[in-house]
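**Q** Under our numbering, the sequence shown has 1311 at position 315, and the numbering climbs by one with no breaks.
Just dropping this structure here.
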Amino acid sequence: MDNYNDLIDMDDYTVPQWLEIIELAEKIKANPEEYGEKCKGKIMATLFYEPSTRTQMSFQAAMLRLGGSLIGFDNPSNSSVAKGENLKDTIKIVSTYSDILVMRHTQEGSAKAAALCADCHVINAGDGGHLHPTQTLTDLLTLKCELGRLDNLTVGLCGDLKYGRTVHSLVKALSCFPNNKFVLISTPALALPGYIKDVLKGRGAKFTEVNTIDEAIRNLDMLYMTRIQRERFESEEEYIKQSGVYCLTKAKMEYARKDMIVMHPLPRVDEIEVAVDDDPRAAYFRQANNGMYVRMALILYTLTKKPKVKPLLTGEIHNSVECTNPKCITQTEKYLPHSYINRGGILVCEYCDERILL
Ligand code: NCD
């Protein structure tokens, strides 16, 4: 297993490295034509096992704007996956054709699994309801551009905090900066998972949990709205119970501070009234545009930095212990070593972060 500059989770890079990538994105944004040849001769593969508009196209546009080329699929049924090929074989082969492999997959922990088999750098473009680090880089760049800082922020996160992978990566990242406070706005059924709350507690970051936007909106620097992740629910019935609960309206925006911004990873369904788009505090379309510049910076950074020297799996191998998360990649890719981090007697799956009670 060789080492590469993989980005599976935000903590694959240090905070100073995130800032370096964001600063590079700002430079590119100010002067994009200077970077038009930087990736000439390089190939990026985009393997999207799940639907995507922004993430996929902004990655593709980023590589094309750097002068590189693309291969890949956005519908696995057009690839050998439809013939029953496992993840390992697909990744093994495609990674020998390319310099960077960007993957979005339905299962949690799939990006780590891909990195284990790849012969090139792997970037996680979303692994089920688990993590989405490149959206977080986009969000950090947006906060820096819009508010000028990444610390001393009161951030409200609203909607599907359970399955929203963008929320998980963002909360983990923002809790690394001093004095950031979190107001978690969700129904009890869609509350932030325990493993992310543990990260907040471990870092001493303050957070409160409330049920409504109205309780939180007055004191926020940023409100992060999210879509209820229909595709991740056990049943349509469960989804219907949670859908339509939150909607940010023009009327609610009256109560927000004049300098608060609204962010959303998009796509929007019904959680932000279209009339809010005209409010200058609505930053979500600017945020989506930042995604392309941050991905240009990330591609350049990945290809030009010396590969990191770090093992991909650091846990204890217990092949007889099955991960209890039905959405974990180890459920379907049976050849993967079952690796767990031992946290005081509790085993945590190294792919999907599920806590295993023995
Ligand atoms: C998000 C995702 O795919 O997790 N979108 C994105 O990448 N910009 C959010 C979502 O699908 O709701």
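The beta-carbon is built from N, C-alpha and C at its ideal position, and this holds for glycine as well.
The model shown is predicted, which means the values in this text are computed figures rather than measured ones.
Among W1014, I1096, K1246, K1323, whose alpha-carbon lies nearest the alpha-carbon of R1228?
**A** Comparing Cα positions, the closest option is K1323.
**Q** Taking the alpha helix (DSSP H) that H1164 belongs to, which residues open and close that run?
**A** Looking at the DSSP string, the run of the alpha helix (DSSP H) that includes H1164 is 1161-1170.
**Q** Could you check where the beta strand (DSSP E) with N1120 kicks off and where it finishes?
**A** Where N1120 is concerned, the enclosing beta strand (DSSP E) stretches over 1117-1123.
**Q** Which same chain residues, not among the five before or five after K1304, have their C-beta less than 7 angstroms away from its C-beta?
**A** For K1304, where only same-chain residues beyond five positions count, the Cβ hits under 7 angstroms are N999, N1001.
**Q** Does S1231 come out as helix, strand or coil in the three-state DSSP assignment?
**A** Coil.
**Q** If you drop the 5 nearest sequence neighbours on each side, which residues of the same chain put their C-beta closer than 7 angstroms to that of Y1331?
**A** If we look at Y1331 and ignore the five residues flanking it on each side, its Cβ neighbours are K1084.
**Q** Hey, is the region 1071-1082 in contact with the region 1307-1319, meaning 3+ C-beta pairs nearer than 8 angstroms?
**A** Output reads no: the region 1307-1319 does not touch the region 1071-1082.
**Q** By the three-class DSSP mapping on this structure, what secondary structure does I1257 have?
**A** DSSP places I1257 in strand when its eight states are reduced to three.
**Q** Going by other Cβ atoms of all chains shown within 10 Å of its Cβ, with 16 needed for buried, is V1011 buried or exposed?
**A** By the neighbour-count rule (16 or more Cβ atoms within 10 Å), V1011 is not buried but exposed.
**Q** Could you give the DSSP three-state label for A1279: helix, strand or coil?
**A** Reduced to three states, the DSSP call for A1279 is coil.
**Q** Any chance the CB of G1122 is under 6 angstroms from a heavy atom of the ligand NCD?
**A** Yes - the ligand NCD has a heavy atom lying nearer than 6 angstroms to the Cβ of G1122.
**Q** Compute the beta-carbon to beta-carbon distance between V1290 and I1018, rounded to the nearest angstrom, for a pair I have assumed lies under 8 angstroms.
**A** Right, the Cβ-Cβ distance comes to about 7 angstroms (below 8 angstroms), so this counts as a contact.
**Q** For the ligand NCD, which residues have a Cβ under 7 angstroms from at least one heavy atom, in chain order?
**A** In chain order, the hits are S1048, R1050, T1051, G1122, H1128, Q1131, G1160, R1161, T1162, T1222, R1223, Q1225, P1261, L1262, P1263.
**Q** Less than 7 angstroms separating the beta-carbons of E1142 and A1279?
**A** Going by C-beta atoms, E1142 is nearer than 7 angstroms to A1279.
**Q** Alpha carbons only, please: which of Q1283, L1309, E1329, M1288 is nearest the one belonging to I1004?
**A** Residue L1309 is the option with its Cα nearest to I1004.
**Q** So D1217 and L1149 are in contact, right, with Cβ under 8 angstroms, and what is the actual spacing, rounded?
**A** Going by Cβ atoms, the distance from D1217 to L1149 rounds to 5 angstroms, so yes, they are a contact pair.
**Q** Nearest CA to the CA of F1062: which residue from T1042, L1043, K1038, K1168?
**A** First, the amino acid is wrong: residue 1062 is Leu here, not Phe. Answer by Cα proximity: K1038.
**Q** Which residues does DSSP pair with E1081 in a beta bridge?
**A** None, per the DSSP bridge assignment.
**Q** Where does N1207 land, buried or exposed, given buried means 16+ other C-beta within 10 angstroms?
**A** N1207 is exposed by the Cβ-count criterion.
**Q** Taking 7 angstroms as the threshold (C-beta atoms), are T1162 and H1128 in contact?
**A** Yes, they are a contact pair.
**Q** Does the distance from the CB of S1106 to the CB of I1352 come in under 7 angstroms?
**A** No. Outside cutoff.
**Q** Can you check the region 1182-1211 for any alpha helix (DSSP H) of at least 4 residues that lies completely inside it and give the ranges in chain order?
**A** For the region 1182-1211, whole alpha helix (DSSP H) runs of length 4 or above, ordered along the chain, are 1190-1198.
**Q** Can you tell me where the alpha helix (DSSP H) holding F1044 begins and where it ends?
**A** Element bounds for F1044: not the alpha helix (DSSP H) but the beta strand (DSSP E), 1039-1044.
**Q** Any beta-carbon of chain C closer than 7 angstroms to the one on R1061?
**A** In the displayed structure, chain C is absent; only one protein chain is listed.
**Q** Given a threshold of 16 other Cβ atoms within 10 Å of its Cβ, counted over all protein chains shown, does T1175 qualify as buried or as exposed?
**A** Note on residue identity: the sequence assigns Asn, not Thr, to residue 1175. The residue is exposed, with fewer than 16 neighbouring Cβ atoms inside 10 Å.
**Q** Are T1042 and G1068 closer than 7 angstroms when you measure CB to CB?
**A** Contact flag set, yes.
**Q** In whole angstroms, what separates the C-alpha of G1140 from that of T1051?
**A** Just to set this straight, residue 1140 is Lys in the shown sequence, not Gly. Taking the straight line from one Cα to the other gives about 20 angstroms.
**Q** Please report how far the alpha carbon of P1261 lies from the alpha carbon of E1232, in whole angstroms.
**A** Between P1261 and E1232, the C-alpha separation is close to 23 angstroms.
**Q** For E1329, count the other beta carbons within 10 Å of its own beta carbon; 16 or more makes it buried, fewer makes it exposed. Which is it?
**A** Flag for E1329 reads buried.
**Q** Between the C-alpha atoms of I1119 and Q1013, what's the straight-line distance to the nearest angstrom?
**A** About 15 angstroms.
**Q** Might you give, ordered along the chain, the residues of its own chain that have their beta carbon closer than 6 angstroms to the beta carbon of R1282, omitting 5 neighbours on each side?
**A** The answer is none, since no qualifying residue turns up.
**Q** Pick out whichever of M1256, A1284, I1257, T1245 has its Cα sitting closest to the Cα of P1263.
**A** Comparing Cα positions, the closest option is A1284.
**Q** Is I1192 buried or exposed, if buried means 16 or more other CB atoms sit within 10 Å of its CB?
**A** The residue in question, I1192, is buried, as its Cβ has 16 or more Cβ neighbours within 10 Å.
**Q** Roughly how far, in whole angstroms, is the beta-carbon of E1205 from the beta-carbon of C1243, given that I think they are within contact range, below 8 angstroms?
**A** Going by Cβ atoms, the distance from E1205 to C1243 rounds to 20 angstroms, so no, they are not a contact pair.
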